[in-house]
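Q:
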């Protein structure tokens, strides 16, 4: 199919998937509602946190789209609604192996009954060839839990789903000084794979945080690290060799949470783009020493990584996606921040929730020149924190911003759309580029396609599930998406986890007998009249 015909089809598709006269969407100049359909709801026996559509090996050969998920904080609280007394389900990793063959959920971690997983976050399928079996990597830990974080692999070729340790942090009393072992416990949120030492084996690259709330631990700081692939010496109980790229000093130290990798400047060497969430409110691009390898880095004596803060002052940055947002041939960074509900003294921040694009310098060195920061959607906030918070952070929003095309035929011919999970804003937005073929125009129209308070009932986000458990249905977890069939006719299909409800909602651009969605208004519940009276403590939610 030539480009002209593709553009004609794309134009027709865009005109028929947007309904005029829908509710006015905040952040856009006009109202629109994409023609999407609620297909079904997948029930889970646990809180569903982060989702990723992944390609899994199938018993008869070949691969198929599956859904990988993590779960944590399946808590039973005391009568005061604050103290955790137990858990109805342990932390775990699970998947649907083939989305086209059924929606039965299979737990793939700790099948022997030993609880090893510790708050698994952005789990992902390991690329083929990294290890000699099909595997999932599980970055684990969080700042509020009483167990140290860890990084491990799950062997999907093993019927028992055996685990291979990459790194296990400890509760060794920290010195809070630079050095790879001095600031534990660490927790991990994300991981990528790069051949860091040119030995033909892809290694694990990750950011990690030392921040633990309420403990005698180091203040928020981070490291950028990589773990050397042991190759033939791979052993399930042997940790991988650790190498620090960016240490906790000099200030602000390394990144702590989300990351991604891409060859941004086209030199054949991938850069690392990572977020400083707790301390530096920024995103930094890191590169190997000029003319050298990543494994040449010595964070104390040099050579050092090349780096450039490409965004500052936009709040606490969340996920990092890499794509060409404006069709100018250069990769951009798509991110979102994670800000408070603006209702209480302890949850009010100068910068509100935002979806943000960060554009490479048009010419010149990506490590020396200033990048352009563009706010694509502003004034996002969490629903009012409930119960009332005594301290920061309370509820936060939004979650990931993810680029997508409504139809595969649009890829490369039009700008991607964006879907945004609201986290504790309790809703999901779709952002459509107003000028889908113009590299110079960055305006987007915005529409809500899912709202917890609309779907589960008014004020659901403010209603205790099991009084006095102190838990409400209020959180959208990390979403996943895919095309629903191969080829140019594939349409976008979204998987939206509602954390506390233990539900995954499937919404698609294809009717398939689903219920047409009437986009709800983009509104928030009002802050309580006595919002500045912090007499209760908020519950936990995925970050």
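In the numbering used here, the protein residues as written are 699 to 1241.
Note that CB positions come from ideal geometry on N, CA and C, so glycine has one too.
Predicted model only: the values in this text are computed from it and were never measured.
Hey, could you find the ends of the beta strand (DSSP E) residue 1193 is sitting in?
A: 1190-1196
Q: Should residue 1213 be labelled buried (16 or more other beta-carbon atoms within 10 Å of its own) or exposed?
A: Residue 1213 counts as exposed, since fewer than 16 other C-beta atoms from the protein chains shown sit within 10 angstroms of its C-beta.
Q: I'd like the list of long-range same chain contacts for residue 1049, defined as Cβ closer than 8 angstroms, with 5 residues on each side in sequence excluded.
A: 1011, 1012, 1013, 1035, 1037
Q: According to DSSP, is residue 1122 part of a helix, a strand, or is it coil?
A: helix
Q: For the 8 angstroms Cβ check, are there 3 or more pairs between the stretch 1148-1158 and the stretch 1215-1225?
A: yes
Q: If you run the structure through DSSP and keep just helix, strand and coil, what is residue 1106?
A: helix
Q: Could you name each continuous alpha helix (DSSP H) segment of 4 residues or more that falls completely within the stretch 992-1058, going from the start of the chain to the end?
A: Segments of the alpha helix (DSSP H) lying fully in the stretch 992-1058: there are none.
Q: Restricting to Cα atoms, I'd like to know which of 729, 772, 1003 is closest to residue 985.
A: Nearest option by C-alpha distance: 1003.
Q: DSSP beta-bridge partners for residue 774?
A: 784
Q: Does the Cβ of residue 1080 have 16 or more other Cβ atoms within 10 Å, making it buried, or fewer, making it exposed?
A: buried
Q: Alpha carbon to alpha carbon, how far is residue 1007 from residue 1021?
A: 19 angstroms
Q: Would you tell me roughly how many angstroms separate the C-alpha atoms of residue 849 and residue 938, rounded to the nearest one?
A: 10 angstroms
Q: Can you tell me whether DSSP reads residue 941 as helix, strand or coil?
A: strand
Q: May I ask you to report which of helix, strand or coil DSSP gives residue 843?
A: coil
Q: Run through the DSSP bridge pairs and tell me what residue 901 is partnered with.
A: 892
Q: Taking contact to mean at least 3 C-beta pairs separated by less than 8 angstroms, is the stretch 814-828 in contact with the stretch 796-804?
A: Result no; under three Cβ-Cβ pairs closer than 8 angstroms.
Q: Could you name the residues that DSSP lists as bridge partners for residue 790?
A: 769
Q: Just curious, the beta strand (DSSP E) that residue 1151 is in, first and last residue?
A: Taken as a continuous stretch (DSSP letters only), residue 1151 belongs to no beta strand (DSSP E), being part of the alpha helix (DSSP H) at 1150-1153.
Q: Name the DSSP beta bridge partners of residue 763, please?
A: Residue 763 is bridged by DSSP to 753.
Q: Measuring straight from C-alpha to C-alpha, what distance separates residue 1069 and residue 1041?
A: 33 angstroms
Q: What are the boundary residues of the beta strand (DSSP E) that includes residue 849?
A: 848-853
Q: Are the beta-carbon atoms of residue 794 and residue 764 separated by less than 8 angstroms?
A: yes
Q: Please state whether DSSP places residue 1160 in a helix, a strand or coil.
A: helix
Q: Since I believe residue 1082 is in contact with residue 1039 (beta carbons under 8 angstroms), could you give me their beta-carbon distance rounded to a whole number of angstroms?
A: Yes, they are in contact, since the Cβ atoms of residue 1039 and residue 1082 sit about 5 angstroms apart, within 8 angstroms.
Q: Spatial neighbours of residue 1090 within its chain, please: CB distance less than 6 angstroms, with the 5 preceding and 5 following residues excluded, ordered by chain position.
A: Excluding positions up to five away in sequence, the list reads 1044.
Q: Does the separation of the CB atoms of residue 1115 and residue 1131 fall below 8 angstroms?
A: yes
Q: Please report the Cβ distance between residue 766 and residue 834, rounded to the nearest whole angstrom; I am assuming they are in contact, meaning their Cβ atoms lie under 8 angstroms.
A: 7 angstroms
Q: Counting only the same chain and skipping the five closest in sequence on each side, list residues whose C-beta sits under 6 angstroms from that of residue 941.
A: So the list reads 924, once near-sequence residues are dropped.
Q: What are the start and end residues of the beta strand (DSSP E) that includes residue 925?
A: Looking at the DSSP string, the run of the beta strand (DSSP E) that includes residue 925 is 920-926.
Q: Measuring only the C-alpha atoms, how far is residue 1173 from residue 1057?
A: 30 angstroms
Q: Should residue 1184 go down as buried or exposed, given a rule of 16 or more other Cβ atoms within 10 Å for buried?
A: So residue 1184 counts as exposed.
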